[in-house]
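Note sheet for the following structure.
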Amino acid sequence: FGAGAARVTEGIPTHALTQELQKRIMAATLEHPTAKRFPATSTYVKHYLKLLIDKLESREVEVLEDLYVCYTELLGSVDSGPGFVTYVLDGHDMEVTVREAKALVADGTTGLRAWQASKFLAEWCLENRQVLSGKRVLELGSGVGLTGLVVCRACRPSRYTFTDGHQSVLRVVEENVATNRWPSMPDVKVETLRWGQQLEEDHLGTDVVLGADLVFDPGLIEPLAATLADLLRHRGTAYIASTIRNADTYDTFQTALGTAMLQWTVALPPHNRVFVYDRSCEMEILRITRASSTTP
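Letter 101 of the sequence shown, counting from 1, is numbered 101 in the UniProt record's numbering, and no numbers are missing.
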């Protein structure tokens, strides 16, 4: 039930929200085999149940007693660690499950949860599969790996390399890749890559570079731009998604791209809403190439 409770009752007439339908909602979410195999945190489940119950009560529907029982049983529970979230893509045909922390910072890093821009970029990738199909893709700052797993699941790259500079993040990515092994999985690698340092020879053959929520620390902007310049040396293209929290920091990033002999344009945003996340902040995706490249 990774899509959240926000959409559960959307489009359903009040008279149709019967006890039987509520049982079916429970079976499709709380009692679904995926939810049993990859349990969400107690906090997440409590939030889901609270939203669902509130929506039913606001429409003056008789709420199924089992929903109240599940909610009250969880009130005193405390999360023992990270939980799983399952995201449904393309209707019910594709799923991606990731283990992530709910805290903003865990184990000394912000990379152990899926941030808004990673979901924004994943939505863009789903609408632009032709950009990624058959390509060698490398992701900077992979976090829990949500964007990359969506690309591997739905966009058919020939190779996908998850990279990060934090070992605890890479361990979580490896776990999430193992959880989501499909028969059609492309060649996948999980590697350490620290911005500003010399790249492996294998990385220089990258066709597409992806990254989300990378622009937040002014001290890391110059190394990031340098790494992008190295990766795009052989006419590759980067798509970097950002939540613009600080306009000055974002302007500094764009200036650094120019200094690194890179050019950029703003890509069209995705139209379809696949994931539930806070969309109140401004987000955009930069399409970045070498300055001498011709933009199609």
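Note that CB positions come from ideal geometry on N, CA and C, so glycine has one too.
| Item | Value |
| --- | --- |
| For the alpha helix (DSSP H) containing A117, name the first residue and the last one. | Q116 to E127 |
| So for L286, helix, strand or coil by DSSP? | strand |
| Q197: which of V190, G165, E60 and D187 sits nearest, CA to CA? | G165 |
| Going straight from the alpha carbon of A40 to that of L146, what length do you get? | 16 Å |
| Where does S242 fall in DSSP's three states? | strand |
| Within 10 angstroms of its Cβ, does L104 collect 16 or more other Cβ (buried), or is it exposed? | At L104, the pLDDT of 44 sits below 50, so the modelled position is not reliable; the number obtained from the coordinates is stated separately. That one is exposed. |
| To which residues of the same chain is V236 closer than 7 Å at the C-beta, ignoring the five residues directly before and after it? | Reading the sequence as shown, one finds Gly at residue 236 and not Val. Once the five neighbours on either side are set aside, the close Cβ partners of G236 are T206, D207, V208 and V209. |
| Within this structure, are the beta carbons of G211 and I240 separated by less than 7 Å? | yes |
| Which word fits L268, buried or exposed, when buried means at least 16 other C-beta atoms lie within 10 angstroms of its C-beta? | exposed |
| With 16 as the cutoff for other CB atoms within 10 Å, does Y87 come out buried or exposed? | buried |
| Check this for me: beta carbons of A229 and A260, under 7 Å apart or not? | yes |
| If you count every other CB in all the chains shown that lies within 10 Å of the CB of C281, and 16 or more means buried, which is it? | exposed |
| What separation, rounded to the nearest whole angstrom, lies between the Cα atoms of R156 and I221? | 31 Å |
| To test your reading of the DSSP string, which unbroken alpha helix (DSSP H) runs of 4 or more residues are found completely within the region 172-248? | 218-231 |
| Rounded to a whole number of angstroms, what is the C-alpha to C-alpha distance between V274 and E95? | 12 Å |
| Using 8 Å as the Cβ pair cut-off and three pairs as the minimum, do the region 8-17 and the region 45-56 touch? | yes |
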